[in-house]
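Residue numbers (numbering that gives the first Met the number 0), protein chains in the order written: chain A, 0 to 330; chain B, 0 to 256.
Working notes for the structure below.
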Amino acid sequence: MYTQGLDAQGREPEAPAGGAAAERFQARVDAEEKIEPKDWMPEAYRQTLIRQISQHAHSEIVGMLPEGNWITRAPSLRRKAVLMAKVQDEGGHGMYLYSAAETLGIGREEMVGQLLSGAAKYSSIFNYPTLTWADVGAIGWLVDGAAIMNQIPLCRCSYGPYARAMVRICKEESFHQRQGFEIMMTLARGTQAQREMAQDALNRWWWPSIMMFGPSDADSPHTAQSMRWKIKRFSNDELRQKFIDVTVPQAHFLGLAIPDAQLHLDEASGHYRIGAIDWSEFHAVLRGNGPCNRERLAARRAAHENGAWVREAAAAHARKLKERAAAAAAA
Amino acid sequence: MTEPAAAHTAAHVRYVLRLGDTSLILGQRLGEWIGHGPALEEDLGLANLALDFIGQARLLLTYAGELEGRGRDEDALAFLREAPEYANLTLVEQPNGDFACTIVRQWLVDSWQLQLYQALAGSADARLAAIAEKALKETRYHYRFSSGWLVRLGDGTEESRRRTQQALEELWRFTGELFAPDAIDAQMHAAGIAPELAGLRPAWSEAIDADLRAAGLARPADPSYRWQGKQGVHTEELSHLLAEMQHLPRAYPGARW
């Protein structure tokens, strides 16, 4: 899943230098044509996309960990199978996204290196722990729900390979969101202990989900250029509001309370208004001081390091096959 | 039910449980890999395997519960039985270890299931035959995956060969159980429900030798100790696995999830 917050983590992309090529490029973007890998594009556009798509891919991969934490403890075989398939889907999303980024001239190994060294970011939401089974439901409902709000507009992104990858990803994410809601509904209609588990999960995931949309527009300097390039189509606050308006009635339907005493429906605009967001927490997690930042990166590094001999073996075997084929052809 | 009929049903239930438990425990072990594989492609591949085994387990446990007729569904059987009631092969409960260990375990099971499901597809028990036929398609793919990796690891680098041979030495001792028939196997064979178990061994053994040759690995000596997982006598690993897997349904009796 992608979060708007990721575009706040690099430098403001420079406006491309003028010139006929740049003008033609912008005209194509304005006409809603897709930009393809072999087309001319401003270097800053390329770099912005590489950063955004690779960080989106990293988010999918790191995002396998919090929910993966419950695969061995899923409470029924059906839930176990659904959760395995879901976490596998996230890995699949990571794969399409790495491939989309590769069309911009960067290799997967380099991108993975950036994740493991800490140079590249991933969505901060995955630095929160999954403490009970209800967290698996809350992630599907809220985190995937927020991701969909961000990702649907990306299906119309000006860069063709990214837009096309997003179409498939969005279909799967919306399925995940429904599954998450269904887990929450089962808990909310279950025993007292299950209802408490569901409420506790909502209490812990609500604000981090709200923060997934990134800093408020006033503090989000990247928006203008990305909007001109049609990488981004809505501002952080617009998407956040959309998410709140959709999600609050769902919580009511579940009979769960949103942990925000200031939350109210603004009759005039028809929008739900929330209390103040604690941005100090957002920035702390972003800077690496969230509850699971260390654990998530450590898990990715361990998988990478423990897998090194396997990848080397596969490469060595492939080399040997080639040499044997060449020797056989020469004989 | 007459006494012989009841005994037949009990054996039938037990036979199906052995298959279902073996798939469930292996699926559970493979699930531990998801998110931690040596490369993204292998992570997805191991997740596919895990899903297939959980899928097989659901069909088989549901069927065992129906045959038993005591109202136990797949989840009652999976989450509310103790280790001694589990009837899986001890091979599948062994920890994942490194990727070589996981691959060797997988390849041993896949090559066994390939023989078994081929035979069960012709079972006199139509329901079991249908499950076996579906599982067989998956098993062919699993076997391609695991034997392909066995060769890659055996033929790859010095380190991968050493690790894979070591995994083979470690796990080979559990293979005695794969083709060791007991009274239940004999009874199921007599009823036309199951093949003669020992009769499957030569073809398995041949496939094992061919793969080991391709991988440049040595076949260990046959084990002298015979594990009896399918009779409910397990290694110490199983109860830990179950404690983790069964935690929620045990902690919240009667809750629906």
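Glycine included, each C-beta is placed from N, C-alpha and C at the ideal position.
What you are looking at is a predicted structure, and each value in this text was computed from that prediction instead of being measured.
What does a CB cutoff of less than 6 Å around residue i pick up in its chain, not counting 5 residues either side in sequence?
i       : result
Q112(B) : T138
A206(B) : S110
A99(A)  : I52, P160, Y161 and A164
L285(A) : S123
A330(A) : none
A56(A)  : G93, L96 and Y97
N87(B)  : D20, T21, I24 and G228
Candidates the options: which alpha carbon is nearest residue i's?
i       : options                               : result
Q25(A)  : A312(A), A302(A), G254(A) and W228(A) : W228(A)
I138(A) : G67(A), E101(A) and K120(A)           : G67(A)
G26(B)  : K79(A), I34(A) and P74(A)             : K79(A)
L216(B) : A179(B), W148(B) and A193(B)          : W148(B)
F58(A)  : R318(A), A313(A), L296(A) and N305(A) : What sits at residue 58(A) in the sequence shown is Ser, not Phe. The residue with the shortest Cα to Cα distance from S58(A) is L296(A).
D244(A) : K231(A), F233(A), L253(A) and L262(A) : L262(A)
E176(B) : L199(B), G54(B) and A123(B)           : L199(B)
A220(B) : R172(B), E41(B) and A190(B)           : R172(B)
L76(A)  : A4(B), P248(B) and P252(B)            : P248(B)
M184(A) : Q191(A), A197(A) and A192(A)          : A197(A)
A223(A) : R27(A), M211(A) and Y44(A)            : Y44(A)
P128(A) : P207(A), P36(A) and P290(A)           : P290(A)
E195(A) : T131(A), F212(A) and F233(A)          : T131(A)
G112(A) : E304(A), G254(A), D259(A) and H270(A) : E304(A)
G30(B)  : A73(A), G104(A), M40(A) and A298(A)   : A73(A)
P83(B)  : H246(B), E243(B) and Q230(B)          : Q230(B)
L43(B)  : I60(A), M40(A) and I49(A)             : I60(A)
E101(A) : P152(A), A325(A) and I49(A)           : I49(A)
A187(A) : V86(A), G254(A) and E32(A)            : G254(A)
By Cβ distance below 7 Å, which residues in the same chain neighbour residue i in space, the five residues on each side in sequence not counted?
i       : result
I147(A) : C169, E172, S173 and Q176
K241(A) : M148
A179(B) : R225
L196(B) : F178, P180 and D184
S157(A) : V28, K33, I34, W228, K229 and I230
If I'm right that residue i touches residue j with Cβ under 8 Å, what's the distance once you round it to whole angstroms?
i       : j       : result
W203(B) : S110(B) : 6 Å
Y85(B)  : L237(B) : 6 Å
Y14(B)  : I192(B) : 7 Å
H11(B)  : L66(B)  : 6 Å
G36(B)  : A312(A) : The pair is not a contact, with the Cβ atoms about 14 Å apart (cut-off 8 Å).
G91(A)  : M63(A)  : The pair is not a contact, with the Cβ atoms about 10 Å apart (cut-off 8 Å).
I230(A) : T71(A)  : 39 Å between Cβ atoms; not a contact.
L114(A) : R299(A) : 7 Å
G106(A) : T246(A) : That pair is no contact at about 38 Å.
P36(A)  : A21(A)  : At roughly 18 Å, the Cβ-Cβ gap does not stay under 8 Å, so P36(A) and A21(A) are not in contact.
Put residue i into one of helix, strand or coil per three-state DSSP.
i       : result
Q245(B) : coil
H92(A)  : helix
I60(A)  : helix
L199(B) : helix
R225(B) : coil
D265(A) : strand
R218(B) : coil
Y121(A) : coil
H233(B) : coil
H263(B) : The structure shown does not extend to residue 263(B), since chain B is modelled only from 0 to 256, so the question has no answer here.
Y276(B) : Look at the range of chain B in this structure, 0 to 256, and you will see that residue 276(B) is not part of it.
R188(A) : coil
R272(A) : strand
Y127(A) : coil
I34(A)  : strand
Y251(B) : coil
Just to check, is the beta-carbon of residue i closer than 6 Å to a non-hydrogen atom of the ligand SAM?
i       : result
K321(A) : Ligands in the displayed structure: none, and consequently the ligand SAM is not present.
Does residue i pass the burial test, meaning 16 or more other C-beta atoms within 10 Å, or should it be called exposed?
i       : result
P65(A)  : buried
L79(B)  : exposed
N288(A) : exposed
S223(B) : exposed
D38(A)  : exposed
D265(A) : exposed
V142(A) : buried
L320(A) : exposed
F252(A) : exposed
P248(A) : exposed
V166(A) : exposed
D218(A) : exposed
H316(A) : buried
H282(A) : exposed
M210(A) : buried
Short of 8 Å in beta carbon distance, which residues of its chain neighbour residue i, apart from the five on each side in sequence? Order them along the chain.
i       : result
E92(B)  : I24, R28, G228, H233, T234, E236, L237 and L240
L170(B) : L90, Q93, C100, V103, R104 and L107
A250(A) : L201, A256 and I257
Examine chain E for any beta-carbon lying closer than 7 Å to the beta-carbon of residue i, and answer yes or no.
i      : result
T71(A) : Among the protein chains of the structure shown, namely A and B, there is no chain E.
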